[in-house]
Amino acid sequence: MHEFGADRGLLLLKALHDAAARGVTLRILTAKESIGGDNSTGNSSLPEEVKGLVDAFPKQVEVHCWSATGWYGGGILHQKIWIFDKQHVYVGSANMDWKSLAQVMEVGVMMDHLPSSSLLLEDIQRLFDVWWLWASPELPVDTSTYFSDRFQSQLMVPSWSQFLPKHKRIPDPFVRARLEAHGNIEEQIKAHFGASPQQTHAHMFVAAAPLEATAAHSRAFDEDALVYTIRNATSRVSLSVMDFVPYSMYTLSTHAGSISWPALTDALLAGIYAKRGLHVRLLISQWQHSNRQMFPALALLQQQAALCAQFRDPCTGKLEIKVFHVPGWDNTTATALKEAKWPAYTRVNHAKYIVTDTRANIGTSNMEWGYFYTTAGASVNTDHEPTREALETLFNRNWDSSYAQPLNTTSVDASL
(Lines of atoms letter the chains of each structure in order from A; the text may use other names.)
(Lines give C-alpha, C1' and ligand atoms only; values in the text may rest on other atoms or scores of the structure.)
Protein backbone atom coordinates (compact mmCIF):
# COMPACT_ATOMS: atom_id res chain seq x y z
CA MET A 5 0.00 0.00 0.00
CA HIS A 6 3.06 2.27 -0.03
CA GLU A 7 2.17 3.48 -3.53
CA PHE A 8 -1.17 4.76 -2.18
CA GLY A 9 0.41 6.68 0.71
CA ALA A 10 0.22 4.19 3.57
CA ASP A 11 3.62 5.44 4.73
CA ARG A 12 1.87 8.58 6.00
CA GLY A 13 0.03 6.46 8.51
CA LEU A 14 3.25 4.73 9.52
CA LEU A 15 4.88 8.11 10.14
CA LEU A 16 2.01 9.09 12.42
CA LEU A 17 2.20 5.77 14.27
CA LYS A 18 5.97 6.23 14.69
CA ALA A 19 5.37 9.73 16.08
CA LEU A 20 2.99 8.29 18.68
CA HIS A 21 5.51 5.55 19.51
CA ASP A 22 8.31 8.09 19.90
CA ALA A 23 6.11 10.31 22.08
CA ALA A 24 5.33 7.43 24.43
CA ALA A 25 9.05 6.57 24.52
CA ARG A 26 9.73 10.15 25.68
CA GLY A 27 7.31 9.64 28.56
CA VAL A 28 4.29 11.35 26.99
CA THR A 29 0.97 9.98 28.23
CA LEU A 30 -1.34 8.80 25.42
CA ARG A 31 -5.07 8.45 26.04
CA ILE A 32 -6.76 6.77 23.09
CA LEU A 33 -10.53 6.64 22.79
CA THR A 34 -12.00 4.33 20.17
CA ALA A 35 -15.22 2.56 19.19
CA LYS A 36 -15.83 -0.87 20.68
CA GLU A 37 -17.70 -1.82 17.49
CA SER A 38 -14.52 -1.28 15.46
CA ILE A 39 -12.44 -3.77 17.48
CA GLY A 40 -14.54 -6.86 17.08
CA GLY A 41 -17.99 -6.11 18.40
CA ASP A 42 -19.70 -5.06 21.60
CA ASN A 43 -18.51 -8.10 23.54
CA SER A 44 -14.81 -7.60 22.86
CA THR A 45 -12.76 -6.90 25.95
CA GLY A 46 -9.08 -6.68 26.77
CA ASN A 47 -6.06 -5.56 24.80
CA SER A 48 -6.07 -8.68 22.63
CA SER A 49 -9.01 -7.32 20.62
CA LEU A 50 -7.43 -3.94 19.90
CA PRO A 51 -6.17 -3.09 16.41
CA GLU A 52 -2.60 -4.30 15.91
CA GLU A 53 -1.16 -0.77 15.88
CA VAL A 54 -2.87 0.30 19.12
CA LYS A 55 -2.08 -3.02 20.81
CA GLY A 56 1.56 -2.54 19.86
CA LEU A 57 1.62 0.83 21.61
CA VAL A 58 -0.06 -0.56 24.73
CA ASP A 59 2.26 -3.57 24.88
CA ALA A 60 5.38 -1.45 24.40
CA PHE A 61 4.38 1.29 26.84
CA PRO A 62 1.80 -0.07 29.30
CA LYS A 63 2.36 2.80 31.74
CA GLN A 64 2.11 5.50 29.09
CA VAL A 65 -0.73 4.32 26.84
CA GLU A 66 -4.30 3.89 28.06
CA VAL A 67 -7.22 2.91 25.83
CA HIS A 68 -10.94 3.30 26.46
CA CYS A 69 -13.55 1.78 24.13
CA TRP A 70 -17.06 3.26 23.89
CA SER A 71 -20.00 1.15 22.74
CA ALA A 72 -22.75 3.00 20.89
CA THR A 73 -24.53 -0.31 20.41
CA GLY A 74 -24.63 -0.90 24.14
CA TRP A 75 -26.02 2.55 24.91
CA TYR A 76 -28.28 3.18 21.90
CA GLY A 77 -28.75 -0.09 20.02
CA GLY A 78 -26.75 1.32 17.10
CA GLY A 79 -24.27 4.02 16.14
CA ILE A 80 -20.52 4.41 16.57
CA LEU A 81 -17.83 6.70 17.99
CA HIS A 82 -17.33 9.04 15.03
CA GLN A 83 -15.85 12.25 16.43
CA LYS A 84 -12.20 13.03 15.76
CA ILE A 85 -10.47 15.16 18.40
CA TRP A 86 -6.76 15.47 19.20
CA ILE A 87 -5.48 17.47 22.19
CA PHE A 88 -1.72 17.93 22.65
CA ASP A 89 -0.05 19.11 25.86
CA LYS A 90 -3.09 21.22 26.75
CA GLN A 91 -1.94 23.68 24.07
CA HIS A 92 -2.95 22.43 20.62
CA VAL A 93 -6.29 21.07 19.40
CA TYR A 94 -7.57 19.42 16.22
CA VAL A 95 -11.25 18.80 15.44
CA GLY A 96 -12.28 17.58 12.00
CA SER A 97 -13.43 14.88 9.64
CA ALA A 98 -10.24 12.81 9.37
CA ASN A 99 -10.32 9.28 10.76
CA MET A 100 -7.19 7.97 12.46
CA ASP A 101 -6.38 5.95 9.35
CA TRP A 102 -3.68 6.33 6.70
CA LYS A 103 -6.41 6.48 4.05
CA SER A 104 -7.64 9.76 5.54
CA LEU A 105 -4.12 11.14 5.20
CA ALA A 106 -3.58 10.04 1.60
CA GLN A 107 -6.69 8.89 -0.27
CA VAL A 108 -9.64 10.81 1.22
CA MET A 109 -10.41 14.55 1.20
CA GLU A 110 -10.78 15.87 4.76
CA VAL A 111 -11.31 19.20 6.53
CA GLY A 112 -10.50 20.09 10.11
CA VAL A 113 -9.62 23.04 12.30
CA MET A 114 -6.29 23.25 14.13
CA MET A 115 -5.80 25.64 17.02
CA ASP A 116 -2.15 26.08 18.02
CA HIS A 117 -0.47 27.46 21.12
CA LEU A 118 -3.61 28.17 23.10
CA PRO A 119 -2.76 29.66 26.50
CA SER A 120 -3.31 27.46 29.54
CA SER A 121 -5.95 29.95 30.68
CA SER A 122 -7.98 29.52 27.47
CA LEU A 123 -11.65 28.74 28.15
CA LEU A 124 -11.91 27.28 24.66
CA LEU A 125 -9.08 24.83 25.36
CA GLU A 126 -10.59 23.81 28.69
CA ASP A 127 -13.99 23.44 27.05
CA ILE A 128 -12.68 21.00 24.43
CA GLN A 129 -10.74 19.14 27.11
CA ARG A 130 -13.97 18.78 29.07
CA LEU A 131 -15.68 17.32 26.02
CA PHE A 132 -12.91 14.74 25.66
CA ASP A 133 -13.15 13.98 29.37
CA VAL A 134 -16.90 13.40 28.99
CA TRP A 135 -16.18 10.64 26.50
CA TRP A 136 -13.26 9.28 28.48
CA LEU A 137 -15.52 8.88 31.51
CA TRP A 138 -18.39 7.54 29.42
CA ALA A 139 -16.12 4.81 28.00
CA SER A 140 -14.67 3.86 31.38
CA PRO A 141 -15.70 1.03 33.74
CA GLU A 142 -16.82 3.76 36.16
CA LEU A 143 -19.89 4.28 33.98
CA PRO A 144 -21.51 0.90 33.28
CA VAL A 145 -24.28 0.73 30.70
CA ASP A 146 -27.57 2.00 32.13
CA THR A 147 -30.31 2.60 29.56
CA SER A 148 -34.03 3.26 29.31
CA THR A 149 -36.44 3.15 26.40
CA TYR A 150 -39.06 5.74 25.53
CA PHE A 151 -41.42 6.50 22.68
CA SER A 152 -40.30 9.58 20.76
CA ASP A 153 -43.29 11.65 19.76
CA ARG A 154 -41.12 13.63 17.35
CA PHE A 155 -39.77 10.57 15.57
CA GLN A 156 -42.70 8.21 16.20
CA SER A 157 -40.24 5.54 17.26
CA GLN A 158 -39.26 3.49 20.29
CA LEU A 159 -35.72 4.55 21.18
CA MET A 160 -33.11 3.45 23.71
CA VAL A 161 -31.09 6.14 25.48
CA PRO A 162 -28.83 6.50 28.52
CA SER A 163 -30.89 6.75 31.69
CA TRP A 164 -29.86 10.39 32.29
CA SER A 165 -31.21 11.48 28.89
CA GLN A 166 -33.24 14.67 28.78
CA PHE A 167 -35.57 12.90 26.37
CA LEU A 168 -36.87 10.94 29.36
CA PRO A 169 -39.44 12.37 31.78
CA LYS A 170 -37.65 14.13 34.63
CA HIS A 171 -38.93 11.72 37.28
CA LYS A 172 -37.50 8.77 35.33
CA ARG A 173 -33.98 10.14 34.86
CA ILE A 174 -30.91 9.38 36.91
CA PRO A 175 -28.47 12.24 37.71
CA ASP A 176 -26.30 13.28 34.79
CA PRO A 177 -22.85 11.76 35.44
CA PHE A 178 -21.06 14.53 33.57
CA VAL A 179 -22.66 17.25 35.65
CA ARG A 180 -21.67 15.28 38.75
CA ALA A 181 -18.09 15.17 37.38
CA ARG A 182 -18.19 18.95 36.77
CA LEU A 183 -17.74 18.62 33.02
CA GLU A 184 -20.31 21.21 31.96
CA ALA A 185 -19.44 23.26 28.89
CA HIS A 186 -18.00 26.76 29.13
CA GLY A 187 -19.94 27.94 26.08
CA ASN A 188 -22.98 27.22 23.96
CA ILE A 189 -25.20 28.93 21.39
CA GLU A 190 -26.66 31.40 23.88
CA GLU A 191 -23.39 32.18 25.69
CA GLN A 192 -20.49 31.77 23.29
CA ILE A 193 -16.83 31.77 24.29
CA LYS A 194 -14.92 34.94 23.43
CA ALA A 195 -11.68 33.79 21.83
CA HIS A 196 -8.61 35.76 20.81
CA PHE A 197 -6.48 34.68 17.85
CA GLY A 198 -3.09 36.09 16.93
CA ALA A 199 -2.18 33.98 13.88
CA SER A 200 -4.20 36.10 11.47
CA PRO A 201 -2.59 39.07 9.66
CA GLN A 202 -3.88 41.11 12.56
CA GLN A 203 -5.05 39.92 15.95
CA THR A 204 -8.75 39.13 15.87
CA HIS A 205 -11.48 38.31 18.34
CA ALA A 206 -14.22 35.80 17.72
CA HIS A 207 -17.15 34.06 19.33
CA MET A 208 -16.97 30.26 19.44
CA PHE A 209 -18.64 27.20 20.87
CA VAL A 210 -18.07 23.48 20.52
CA ALA A 211 -21.17 21.35 20.00
CA ALA A 212 -21.58 17.63 20.64
CA ALA A 213 -23.81 14.69 19.84
CA PRO A 214 -25.70 12.78 21.05
CA LEU A 215 -27.60 15.06 23.42
CA GLU A 216 -26.55 12.90 26.37
CA ALA A 217 -22.92 14.03 25.86
CA THR A 218 -23.81 17.69 26.47
CA ALA A 219 -23.77 17.57 30.30
CA ALA A 220 -27.44 18.39 30.83
CA HIS A 221 -27.49 20.52 27.66
CA SER A 222 -24.88 22.94 29.04
CA ARG A 223 -23.11 22.26 25.73
CA ALA A 224 -24.85 22.91 22.40
CA PHE A 225 -26.41 19.86 20.75
CA ASP A 226 -24.73 19.32 17.36
CA GLU A 227 -28.00 19.26 15.41
CA ASP A 228 -28.94 22.63 16.93
CA ALA A 229 -25.51 24.01 15.98
CA LEU A 230 -25.98 23.16 12.30
CA VAL A 231 -29.48 24.62 12.25
CA TYR A 232 -28.22 27.74 14.04
CA THR A 233 -25.48 28.19 11.42
CA ILE A 234 -27.99 27.94 8.57
CA ARG A 235 -30.53 30.27 10.18
CA ASN A 236 -27.92 32.96 10.82
CA ALA A 237 -27.05 33.26 7.13
CA THR A 238 -28.24 36.42 5.41
CA SER A 239 -27.11 35.94 1.80
CA ARG A 240 -25.42 32.56 1.25
CA VAL A 241 -25.09 29.05 2.67
CA SER A 242 -22.45 26.61 1.38
CA LEU A 243 -22.57 23.07 2.72
CA SER A 244 -20.13 20.24 1.98
CA VAL A 245 -20.69 16.73 3.31
CA MET A 246 -20.39 13.09 2.29
CA ASP A 247 -23.93 11.98 3.23
CA PHE A 248 -26.93 14.32 3.33
CA VAL A 249 -30.30 12.65 3.87
CA PRO A 250 -33.53 13.61 5.72
CA TYR A 251 -33.89 10.17 7.30
CA SER A 252 -31.96 7.46 9.16
CA MET A 253 -29.76 5.12 7.11
CA TYR A 254 -28.76 2.59 9.76
CA THR A 255 -30.69 0.00 11.75
CA LEU A 256 -31.42 0.13 15.47
CA SER A 257 -32.12 -2.77 17.78
CA THR A 258 -35.17 -0.93 19.20
CA HIS A 259 -36.79 0.22 15.96
CA ALA A 260 -37.57 -1.46 12.65
CA GLY A 261 -37.50 0.77 9.60
CA SER A 262 -36.25 4.28 8.94
CA ILE A 263 -36.80 7.54 10.84
CA SER A 264 -37.76 10.81 9.19
CA TRP A 265 -35.36 13.65 10.02
CA PRO A 266 -36.13 16.95 8.24
CA ALA A 267 -34.18 19.22 10.62
CA LEU A 268 -31.64 20.46 8.07
CA THR A 269 -33.85 20.37 4.98
CA ASP A 270 -36.49 22.38 6.86
CA ALA A 271 -33.90 24.98 7.91
CA LEU A 272 -32.61 25.30 4.35
CA LEU A 273 -36.08 25.56 2.79
CA ALA A 274 -37.22 28.08 5.39
CA GLY A 275 -34.32 30.34 4.43
CA ILE A 276 -34.85 29.91 0.68
CA TYR A 277 -38.55 30.71 1.00
CA ALA A 278 -38.27 33.61 3.45
CA LYS A 279 -34.93 35.38 2.92
CA ARG A 280 -34.65 37.48 -0.19
CA GLY A 281 -31.82 36.37 -2.45
CA LEU A 282 -30.49 33.64 -0.16
CA HIS A 283 -28.21 31.41 -2.24
CA VAL A 284 -27.81 27.87 -0.92
CA ARG A 285 -25.23 25.49 -2.38
CA LEU A 286 -24.94 21.83 -1.40
CA LEU A 287 -21.83 19.89 -2.42
CA ILE A 288 -22.53 16.20 -1.80
CA SER A 289 -20.07 13.36 -2.32
CA GLN A 290 -20.62 10.23 -4.36
CA TRP A 291 -18.60 7.06 -3.90
CA GLN A 292 -19.18 3.32 -4.10
CA HIS A 293 -20.89 3.30 -0.70
CA SER A 294 -23.37 6.14 -1.22
CA ASN A 295 -26.86 5.46 0.10
CA ARG A 296 -29.25 4.34 -2.65
CA GLN A 297 -31.97 6.83 -1.75
CA MET A 298 -29.77 9.90 -1.22
CA PHE A 299 -29.83 11.26 -4.76
CA PRO A 300 -33.63 10.92 -5.23
CA ALA A 301 -34.01 12.68 -1.86
CA LEU A 302 -31.73 15.49 -3.04
CA ALA A 303 -33.71 15.80 -6.28
CA LEU A 304 -36.91 16.12 -4.24
CA LEU A 305 -35.31 18.83 -2.09
CA GLN A 306 -34.35 20.68 -5.26
CA GLN A 307 -37.96 20.50 -6.48
CA GLN A 308 -39.26 21.80 -3.14
CA ALA A 309 -36.86 24.74 -3.29
CA ALA A 310 -37.85 25.58 -6.88
CA LEU A 311 -41.56 25.49 -6.05
CA CYS A 312 -41.61 28.80 -4.20
CA ALA A 313 -40.50 30.66 -7.34
CA GLN A 314 -43.87 29.74 -8.87
CA PHE A 315 -45.97 31.47 -6.20
CA ARG A 316 -47.95 34.65 -6.91
CA ASP A 317 -45.44 36.43 -4.69
CA PRO A 318 -42.38 34.39 -5.66
CA CYS A 319 -39.40 33.91 -3.40
CA THR A 320 -35.94 34.92 -4.59
CA GLY A 321 -33.98 32.29 -2.69
CA LYS A 322 -32.16 29.68 -4.74
CA LEU A 323 -30.81 26.16 -4.19
CA GLU A 324 -28.05 24.56 -6.24
CA ILE A 325 -26.83 21.01 -5.69
CA LYS A 326 -23.66 19.51 -7.10
CA VAL A 327 -22.22 16.02 -6.73
CA PHE A 328 -18.48 15.73 -6.11
CA HIS A 329 -16.44 12.84 -7.52
CA VAL A 330 -12.85 12.14 -6.57
CA PRO A 331 -11.25 10.40 -9.60
CA GLY A 332 -11.34 6.65 -9.05
CA TRP A 333 -14.40 6.84 -6.79
CA ASP A 334 -16.12 4.05 -8.73
CA ASN A 335 -13.18 1.62 -8.67
CA THR A 336 -12.50 0.89 -4.99
CA THR A 337 -14.48 -2.34 -4.58
CA ALA A 338 -13.42 -5.57 -6.26
CA THR A 339 -15.97 -7.72 -8.07
CA ALA A 340 -15.91 -11.21 -9.57
CA LEU A 341 -15.09 -9.61 -12.91
CA LYS A 342 -12.40 -7.10 -11.97
CA GLU A 343 -9.98 -6.06 -9.27
CA ALA A 344 -10.27 -2.70 -7.58
CA LYS A 345 -7.75 -0.10 -8.72
CA TRP A 346 -7.86 1.84 -5.45
CA PRO A 347 -7.94 0.76 -1.78
CA ALA A 348 -11.37 0.10 -0.29
CA TYR A 349 -13.25 2.96 1.35
CA THR A 350 -11.22 5.70 -0.34
CA ARG A 351 -11.51 8.26 -3.17
CA VAL A 352 -14.19 10.42 -1.56
CA ASN A 353 -14.65 13.95 -0.25
CA HIS A 354 -15.24 13.14 3.43
CA ALA A 355 -15.42 16.74 4.74
CA LYS A 356 -18.35 17.93 6.86
CA TYR A 357 -18.83 21.68 7.13
CA ILE A 358 -21.19 24.60 6.59
CA VAL A 359 -19.95 28.09 5.79
CA THR A 360 -22.25 31.08 5.42
CA ASP A 361 -21.72 34.80 4.96
CA THR A 362 -21.62 35.13 8.77
CA ARG A 363 -20.42 31.86 10.36
CA ALA A 364 -18.54 28.58 9.97
CA ASN A 365 -19.35 25.12 11.32
CA ILE A 366 -16.62 22.47 10.98
CA GLY A 367 -17.70 19.05 12.16
CA THR A 368 -17.15 15.33 12.33
CA SER A 369 -20.64 14.09 11.43
CA ASN A 370 -22.41 13.19 8.23
CA MET A 371 -25.82 14.82 7.98
CA GLU A 372 -28.09 11.89 8.77
CA TRP A 373 -30.32 11.17 11.81
CA GLY A 374 -28.08 8.58 13.47
CA TYR A 375 -25.04 10.85 13.52
CA PHE A 376 -26.88 13.13 15.94
CA TYR A 377 -28.93 10.70 18.02
CA THR A 378 -26.84 7.52 18.41
CA THR A 379 -23.31 8.45 17.31
CA ALA A 380 -20.53 10.45 18.96
CA GLY A 381 -19.79 13.64 17.05
CA ALA A 382 -18.64 17.22 17.53
CA SER A 383 -18.33 20.53 15.69
CA VAL A 384 -16.46 23.81 16.10
CA ASN A 385 -18.66 26.85 15.51
CA THR A 386 -17.39 30.39 15.06
CA ASP A 387 -17.82 33.82 13.52
CA HIS A 388 -14.01 34.16 13.24
CA GLU A 389 -13.73 35.91 9.88
CA PRO A 390 -10.35 34.53 8.72
CA THR A 391 -11.60 30.99 9.40
CA ARG A 392 -14.92 31.65 7.68
CA GLU A 393 -13.16 33.19 4.69
CA ALA A 394 -10.64 30.33 4.35
CA LEU A 395 -13.43 27.75 4.51
CA GLU A 396 -15.48 29.57 1.88
CA THR A 397 -12.42 29.75 -0.39
CA LEU A 398 -11.97 26.00 -0.03
CA PHE A 399 -15.63 25.38 -0.80
CA ASN A 400 -15.51 27.62 -3.89
CA ARG A 401 -12.43 25.79 -5.18
CA ASN A 402 -14.20 22.44 -4.99
CA TRP A 403 -17.52 23.82 -6.26
CA ASP A 404 -15.93 25.40 -9.33
CA SER A 405 -13.76 22.37 -10.17
CA SER A 406 -14.45 19.82 -12.88
CA TYR A 407 -14.99 17.21 -10.15
CA ALA A 408 -18.28 18.83 -9.15
CA GLN A 409 -21.24 18.39 -11.49
CA PRO A 410 -24.88 19.51 -11.15
CA LEU A 411 -27.15 16.93 -9.55
CA ASN A 412 -29.37 16.68 -12.61
CA THR A 413 -26.40 15.57 -14.76
CA THR A 414 -25.29 12.87 -12.30
CA SER A 415 -26.25 9.25 -12.84
CA VAL A 416 -27.93 8.28 -9.58
CA ASP A 417 -27.73 4.63 -10.62
CA ALA A 418 -23.94 4.70 -10.46
CA SER A 419 -23.95 4.17 -6.70
CA LEU A 420 -26.37 1.24 -6.73
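Numbering (my numbering), first residue to last: 5 to 420. Glycine residues also receive a C-beta, built at the ideal position from the N, C-alpha and C atoms.
From what residue to what residue does the alpha helix (DSSP H) around residue i run?
i	result
Q307	M298 to L311
H21	A10 to A25
R130	L123 to W138
L272	A267 to A278
P390	E389 to D404
V179	P177 to R180
What does DSSP give as the partner residues of residue i in its beta bridges?
i	result
I193	M208
T233	Paired residue(s): none; T233 is not in a bridge.
M109	N353
L286	L243 and I325
R363	R363 pairs with nothing; no bridge assigned.
T34	C69
M371	F248
L183	Paired residue(s): none; L183 is not in a bridge.
I think residue i touches residue j, with their Cβ atoms under 8 Å apart; what is that distance to the nearest whole Å?
i	j	result
A72	A380	7 Å
D361	S262	That pair is no contact at about 34 Å.
Y402	A408	Rather than Tyr, the amino acid found at residue 402 in this sequence is Asn. Indeed they touch by this definition, with Cβ atoms about 6 Å apart.
H354	M109	6 Å
A301	V249	6 Å
A229	N400	Actually they do not touch by this definition, with Cβ atoms about 23 Å apart.
I80	V241	Not a contact, Cβ separation roughly 28 Å.
G367	G321	Not confirmed; about 24 Å, so no contact.
R296	A271	Incorrect: roughly 25 Å between the Cβ atoms, too far for contact.
Y76	M160	6 Å
Please return the same chain residues whose Cβ sits closer than 8 Å to the Cβ of residue i, not counting the five positions on each side in sequence.
i	result
G78	A72, Y254, T255, L256, S257, G374 and T378
A24	L30, L57, A60, F61, Q64 and V65
N43	Note that N43 has pLDDT 43, beneath the 50 cutoff, so the model's placement of it is unreliable and no number is given.
Q129	I87 and K90
L15	none
Between which residues of its own chain and residue i is the CB-CB distance below 7 Å, once the five residues before and five after are set aside?
i	result
Y232	I189
T204	F197, H388, E389 and P390
A267	E227 and V231
T45	Below a pLDDT of 50, predicted positions are generally treated as unreliable, and T45, at 46, falls in that range; no measurement from the model is reported.
K345	G332 and N335
Should residue i be listed as close to the ligand COA, given that the test is whether its C-beta is under 7 Å from any heavy atom?
i	result
D59	You won't find the ligand COA in this model; it holds no ligand whatsoever.
Would you give the residue range spanned by the beta strand (DSSP E) that residue i belongs to?
i	result
F151	T147 to S152
A382	G381 to T386
V93	H92 to G96
V161	S157 to P162
P347	From DSSP, P347 is part of no beta strand (DSSP E); its letter is neither H nor E.
P410	A408 to P410
Which same chain residues end up closer than 6 Å to residue i when comparing Cβ atoms and leaving out the 5 residues on each side of it in sequence?
i	result
W291	W333 and V352
L183	R130, D133, V134 and A219
R285	S242 and E324
L125	L118
Where in the region 55-86 do unbroken runs of the alpha helix (DSSP H), each at least 4 residues long, occur, reported from the N-terminal end onward? Counting whole runs of 4 or more residues, the region 55-86 contains the alpha helix (DSSP H) stretches 72-76.
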